[in-house]
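**Q** I have a structure I would like to understand better, so I am pasting it below and will then ask my questions one at a time.
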Amino acid sequence: MDERILYPSFSGINTFLRAPYVTLDEIEEGDYVVSGVPYDVTIGTRPGPRYAPNAIREETKHFIYHLCAIDGEVVDVCTKKRMLAPPKEIVKDIGDIRVYPTDVMKTTEQVADTIEKIVEKGAFPVTLGGDHYIAYPVVKGFERGYKKRMGRDVKIGYLHIDSHMDMYDENDTWGKYYQGSPARRISELESFDLKHMVFVGLNGTTGAECYDYAVNGGASLYTIDDIRRDGVRAVMEKAIAAASEGCDVVYATIDIDILDQAYGCGTGSYVYGGITAVELLEIGSILGDTSCIGGIDMVEVSPPCDPTGSTNRLAASTLINFLKPRLFEFR
C-alpha cells in the first residue's frame with residue numbers, strides 16, 4: 039500500500055479516494071476511472087459547479103484516510119458488516135477533462151471523446167460535474183465507446199435521478215445545448231429509447247411540451263410523492279427494472295438538487311420537499327448493488343453555495359456508497 043494514502047486527510051494531492059493520477063494510456067480493463075468536467079457555463083441559476091470536481095475529490099480523502107489508517111478493518115455499526123482495507127487498486131483518476139468555457143460544442147466533443155476512450159478500454163466511467171449539461175457529452179461518449187467495446191449496436195437504458203426532467207428541446211436564451219436539455223439530447227441518440235429512460239425524484243413544475251414528449255414516448259416518471267408513498271427502495275427497484283429491460287447496460291446520472299434544500303443547499307437549482315440525505319445515500323447503495331449500471335455521474339454540486347462543504351461531502355459519500363461493493367471486501 040502506498041504510504042501516501044495514510045497522510046492526514048487535509049494534506050496531499052486531490053485525487054478521488056487518493057487513487058493514482060494517470061493518463062488515458064494507463065487505463066486497464068475493469069478499472070473505475072474518475073474524471074472531472076469543471077463546466078457550468080450553461081447554468082441558468084446560481085453558478086459554481088465548475089468547482090465541484092476537486093471539492094468532491096477532497097471530501098473522499100477523509101473516507102479513505104479513516105479506513106486505511108486503521109489497521110485491518112472497520113465495522114458498519116448498522117449493518118454489522120466488516121469492511122477490509124485497503125480497497126482494490128482499480129480506481130484511477132485522470133483529472134479534469136479539458137473544457138472550453140466559451141465553446142459548448144468543442145467542450146462537448148472533448149468530453150465525449152475522452153469518455154469514449156475510457157469505455158472502449160473496458161473501464162467504468164465515474165464523472166464529476168459540472169452542470170447537468172455535461173451528462174449529454176458523457177453519455178454520447180459512453181454510447182460510442184460501448185458500441186466499440188461490444189463490436190455491435192447496443193441498447194442503453196438511462197436512469198435520471200433529479201428533481202427536474204432536463205427534457206427541454208430548445209430555449210430562447212440557451213439554445214439546444216444547455217443545463218435544461220441533456221435528457222432530450224440523450225433521447226435522440228441511436229442507442230436510446232424513451233421507453234427505457236426513467237426519471238426518479240421529480241418535483242415541482244416542468245414545461246408541458248417536454249413533459250408530454252417524455253410521457254407520450256413511454257418514459258417512466260417517479261415523483262417525490264411516489265418516494266414518500268412507497269419508499270426509496272421500492273421506487274428504485276421499479277426504476278432500475280424499467281431502465282434495464284431489454285438493454286445491454288444502464289447509465290445513471292445523479293443531480294444533487296434532488297435533495298431538499300435543507301440537506302443540500304450547495305446547488306444552483308435547489309428545491310423544497312426533495313429527498314433527504316439518508317435517502318440519497320441509500321440510492322447510492324442500491325445502484326452500487328445493481329450489476330447493469332455501466333457508468334455514473336454526479337452533477338450540479340456548487341461549492342460556493344455551501345460554505346460548510348456539507349453538500350460536497352454528501353455527493354462524495356453517495357458515490358462512495360455506490361463504489362463500496364465494487365471496491366472493498368466485506369465479511
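Sequential numbering of the sequence shown, starting at 39, is according to the numbering used here.
The C-beta atom is built at its ideal place from N, Cα and C for all residues, glycine as well.
The alpha helix (DSSP H) with V157 in it runs from where to where?
**A** V142 to E158 is the span of the alpha helix (DSSP H), which, as asked, contains V157.
**Q** Please state the DSSP three-state secondary structure of V316.
**A** helix
**Q** Select from Y70, G74 and E96 the residue whose C-alpha is nearest the C-alpha of T145.
**A** G74
**Q** So I102 packs on I43, CB below 8 Å; how close in whole Å?
**A** Correct: roughly 6 Å between the Cβ atoms.
**Q** Check the DSSP bridge columns for Y196 and list the partner residues they point to.
**A** Per DSSP, M235 and Y289.
**Q** Residues in its own chain within less than 6 Å of V236 by CB, not counting five upstream and five downstream?
**A** Cβ neighbours of V236 beyond the five flanking positions: L197, S258, A277, A280 and A281.
**Q** Between I156 and T53, what straight-line distance do the alpha-carbon atoms span, to the nearest angstrom?
**A** Approximately 17 Å between the Cα atoms of the pair.
**Q** When the Cα of A287 is compared with those of G311, G332 and G306, which residue comes out closest?
**A** For the record, residue 287 in the displayed sequence is Val; it is not Ala. It is G332 whose Cα lies nearest to the Cα of V287.
**Q** DSSP on D63, reduced to helix/strand/coil?
**A** Judged by DSSP in its simplified three-state form, D63 adopts helix.
**Q** Residues in its own chain within less than 6 Å of K233 by CB, not counting five upstream and five downstream?
**A** G256
**Q** If distances are taken between C-alpha atoms only, which option among L122, V60, I135 and L62 comes closest to Y77?
**A** I135
**Q** Considering only residues of the same chain and omitting the five flanking positions on each side of Y174, which have a CB-CB separation below 8 Å?
**A** T146, Y215, S219, P220, R223 and I224
**Q** So the candidates are N350, D169, G239 and I132; which of them puts its Cα closest to the Cα of E64?
**A** I132
**Q** Residues in the same chain with beta-carbon distance under 6 Å from E320, minus the five sequence neighbours each way, listed in chain order, please.
**A** V270
**Q** Exposed or buried, V79, counting other C-beta atoms within 10 Å across all chains shown (16 or more means buried)?
**A** buried
**Q** Does G86 come out as helix, strand or coil in the three-state DSSP assignment?
**A** coil
**Q** Under 8 Å between the Cβ atoms of E154 and R182?
**A** yes
**Q** Taking C-alpha atoms, which residue in E127, G195, D293 and T83 lies nearest to S329?
**A** G195
**Q** Output needed for Y138: all residues of its chain with C-beta closer than 8 Å, excluding positions within five of it in sequence on either side, in chain order.
**A** K144, T145 and Q148
**Q** What residues match up with I135 in a beta bridge as DSSP calls it?
**A** I135 pairs with nothing; no bridge assigned.
**Q** Report buried or exposed for D250, applying the criterion of at least 16 other Cβ atoms within 10 angstroms of its Cβ.
**A** exposed
**Q** Which residue from P125, P58 and G284 puts its Cα closest to that of L365?
**A** P125
**Q** Pull up the CB-CB distance for G5 and C343, whole angstroms please, since I reckon it's below 8 Å.
**A** Since the displayed the chain opens at 39 and closes at 369, residue 5 lies outside it and no answer follows.
**Q** Name the two residues that bound the continuous beta strand (DSSP E) containing L166.
**A** Looking at the DSSP string, the run of the beta strand (DSSP E) that includes L166 is F162 to G167.
**Q** Mapping the DSSP letters down to three states, classify D352 as helix, strand or coil.
**A** For clarity, residue 352 is Leu in the given sequence; the question names Asp instead. Correct three-state label for L352: helix.
**Q** Could you give the uninterrupted runs of the alpha helix (DSSP H) lying entirely in the region 239 to 298, keeping only those of 4 residues or more?
**A** 246 to 254, 262 to 268 and 270 to 282
**Q** With distances taken from CA atoms, which of V164, V115 and E127 is nearest V72?
**A** V164
**Q** Which residue's Cα is closest to the Cα of H100: Y70, I358, V115 and E367?
**A** I358
**Q** Between Y301, I292, W212 and S355, which has its C-alpha nearest V142's C-alpha?
**A** W212
**Q** Alpha carbon to alpha carbon, how far is G82 from Y171?
**A** Spanning the two alpha carbons is a distance of roughly 11 Å.
**Q** When you compare the CB positions of G179 and V337, do they come within less than 8 Å of one another, or not?
**A** no
**Q** Report back the beta-carbon spacing between G302 and T349 to the nearest angstrom; my notes put them in contact at under 8 Å.
**A** With 8 Å as the limit, G302 and T349 qualify as a contact, their Cβ atoms being about 5 Å apart.
**Q** Could you tell me if P341 is buried or exposed, where buried requires 16 or more neighbouring beta carbons within 10 angstroms of its beta carbon?
**A** buried
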